[in-house]
Amino acid sequence: MRIGVASNPSSGAGRGARYGTQVRSLLAVYGASIVELSGRNAEECLAAARSEVLAGNLDALFVVGGDGMVHIGVEAVAGTHVPLGIISVGSGNDIAREFGLPIRNVQKSVHRAVMALLAGHSRATDTIEVMHRSGNAHALAVLSAGIDAATNLRTNQLTWPKGNLRYARALFQCLTEFSPYGLEVEVDGKVASGAATLVAAANTRFIGGGMNIAPSARTDDGLLDIIIARGMSVPEILSLFPLLYSGRHIHAKGVHLLRGRHIRINAKPSAGAPAPTAMADGEIIGEVPLNIYCRPGSLELLV
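Numbering (the working numbering) for the sequence shown: 54 to 356.
Set out below in structure tokens:
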């Protein structure tokens with residue numbers, strides 16, 4: 054079996070390189086032929102992985118890292134039947150949490166993924182495709198276009214504290230300059246517009262290192278869960294924040310849950326502030342307007 058291994062050697066103050074070496078050593082024990090796809094940055098990793106996938110040179114692609122590396126893997130195998138194995142060793146690990154994968158246990162992760170590959174077992178999983186001004190992108194977890202996106206972007210810029218507390222710190226920083234966003238959201242032809250605080254199109258349940266943003270989301274139902282919170286004051290947001298971990302925010306006043314296959318998000322300047330840059334799987338996607346589609350069963354995941 055020929056397995057591509059993609060990791061970022063510079064991530065985590067050198068931890069990415071160590072984890073990548075460990076994965077390659079374990080795969081060699083199983084007799085795998087390894088194709089090295091690591092790069093100095095996300096762009097290099099994606100270019101190398103996508104090239105090998107499209108050339109038909111891989112039986113599987115393994116990504117080593119956090120949700121950002123999974124995002125690269127999803128982009129690399131998009132539109133193909135090459136299965137994706139996730140070796141989750143990041144900080145948030147929301148995608149691994151969704152699929153019940155081992156977290157920071159490289160040996161168990163590699164064993165499970167290899168056994169699934171050898172047995173021909175993979176799980177067909179929905180993905181998200183996003184079309185924006187600059188092109189299109191693919192994602193697996195949650196697309197954010199409100200304060201959730203602004204917080205995600207700020208989190209990526211912080212170096213401390215480690216783990217989930219970094220997201221909380223980023224949120225409080227964002228609240229110091231927050232004003233509700235003017236947005237128009239269309240779900241399968243039904244339109245709502247006005248001031249909004251939070252907007253998320255979710256294929257999976259978790260963001261921010263364990264926040265249950267979409268408790269009823271399923272990765273095999275052909276639908277995305279869309280969570281919209283109306284324009285809120287800072288005290289209202291602070292009261293809502295603790296509920297995100299349990300998923301009880303869904304029942305809070307001013308929060309709405311919709312489901313659909315095609316979502317459009319556009320600016321509504323008369324209703325509020327400009328929308329932040331949209332994020333998905335913890336990575337930058339692009340600016341509104343956005344066309345978001347659920348792509349049923351479009352990813353084969355080694356679980």
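Ideal Cβ positions, reconstructed from N, Cα and C, are used throughout, including at glycine.
Please read these numbers as outputs of a predicted model, since none were measured by experiment.
Considering only DSSP beta bridges, list what Cys347 is partnered with. Note: Cys347 sits in a beta bridge opposite Ile181.
Please specify which runs of the alpha helix (DSSP H), each continuous and at least 4 residues long, are wholly inside the segment 147-235, giving them in chain order. Within the segment 147-235, the runs of alpha helix (DSSP H) that reach at least 4 residues and sit entirely inside it are, in chain order, 147-152, 159-172, 200-210 and 218-228.
If you check the beta carbons only, do Leu196 and Lys321 fall under 8 Å apart? In this structure, Leu196 sits away from Lys321, with a CB-CB distance that is not shorter than 8 Å.
Between the Cα of Gly145 and the Cα atoms of Thr229, Gly119, Gly313 and Pro155, which residue gives the shortest distance? Comparing Cα-Cα distances from Gly145 to each of Thr229, Gly119, Gly313 and Pro155, the minimum goes to Gly119.
In chain order, each beta strand (DSSP E) run of at least 3 residues that lies wholly inside the segment 258-321: List check, beta strand (DSSP E) in window: 277-283, 308-313 and 315-320.
Have a look at the DSSP bridge pairing and note the partners of Arg55. According to DSSP, Arg55 bridges with Ser86.
Considering only DSSP beta bridges, list what Ser246 is partnered with. Beta-bridge pairing links Ser246 to Glu237.
4 or more residues per run - each alpha helix (DSSP H) lying fully within the segment 78-150: Taken in chain order, the whole alpha helix (DSSP H) runs of length 4 or more contained in the segment 78-150 are 95-107 and 120-130.
By Cβ distance below 8 Å, which residues in the same chain neighbour Ser86 in space, the five residues on each side in sequence not counted? Closer than 8 Å at Cβ, skipping near neighbours: Met54, Arg55 and Ile56.
Can you have a look at Phe225 and say buried or exposed, based on whether 16 or more other CB atoms are within 10 angstroms of its CB? Burial call: exposed.
Per-residue burial, Ser91 [other beta carbons within 10 Å of its own, 16 or more giving buried]: By the neighbour-count rule (16 or more Cβ atoms within 10 Å), Ser91 is buried.
Hey, could you find the ends of the beta strand (DSSP E) Glu336 is sitting in? Glu336: member of the beta strand (DSSP E) spanning Glu336 to Gly339, first to last residue.
In whole angstroms, what separates the C-alpha of Gly300 from that of Ile266? Approximately 6 Å, taken between the alpha carbons.
For Ala328, three-class secondary structure by DSSP: Per DSSP, reduced to three states, the secondary structure at Ala328 is coil, with no helix or strand assignment.
For a test of the three-state rule: what should DSSP assign to Val76, helix, strand or coil? If DSSP states are grouped into helix, strand and coil, Val76 belongs with the helices.
From Thr205 to Leu211, what does the alpha carbon distance come to, in whole angstroms? Checking the displayed sequence, the identity of residue 205 turns out to be Asn instead of Thr. Each residue's CA atom was taken as its position, placing Asn205 and Leu211 some 10 Å apart.
Report yes if the C-beta of Ala223 is less than 7 Å from at least one heavy atom of the ligand SAH; otherwise report no. By its list of ligands, the structure shown contains no ligand whatsoever, and the ligand SAH lies outside what it can speak to.
Look at the Cβ atom of Glu340, then the Cβ atom of His185, and state whether they are nearer than 8 Å. Glu340 places its beta carbon less than 8 Å from that of His185.
Closest by C-alpha distance to Val116, when choosing among Leu107, Gly109 and Ala95: Selection Leu107, Gly109 and Ala95 evaluated against Val116 yields Ala95 as nearest (Cα-Cα).
Determine contact between the segment 140-159 and the segment 253-261, defined as no fewer than three beta-carbon pairs at a distance below 8 Å. Yes, they touch.
Under 6 Å Cβ to Cβ from Ala190, same chain only, skipping five residues before and after it: list those, please. Once the five neighbours on either side are set aside, the close Cβ partners of Ala190 are Val183 and Ile338.
In or out: Ser104 buried (at least 16 other Cβ within 10 Å) or exposed? Counting other Cβ atoms within 10 Å of its Cβ, Ser104 stays below 16 and is therefore classed as exposed.
His315: buried (16+ other C-beta within 10 angstroms of its C-beta) or exposed? Around the beta-carbon of His315, fewer than 16 other beta-carbon atoms lie within 10 Å, marking it exposed.
From the DSSP output, which residues share a beta bridge with Leu354? In DSSP, Leu354 forms a bridge with Leu137 and Arg176.
Would you call the segment 266-279 and the segment 292-312 in contact, with 3 or more CB pairs under 8 Å? Segments in contact, yes.
From Leu170, Asn61, Asn110 and Ala169, pick the residue whose C-alpha is nearest to that of His124; which is it? Just measuring C-alpha positions, the residue of Leu170, Asn61, Asn110 and Ala169 sitting nearest His124 is Asn61.
Can you find the residues in the same chain that come closer than 6 Å, C-beta to C-beta, to Val356, ignoring five residues on each side of it along the sequence? The answer, listed in chain order, is Phe152 and Arg176.
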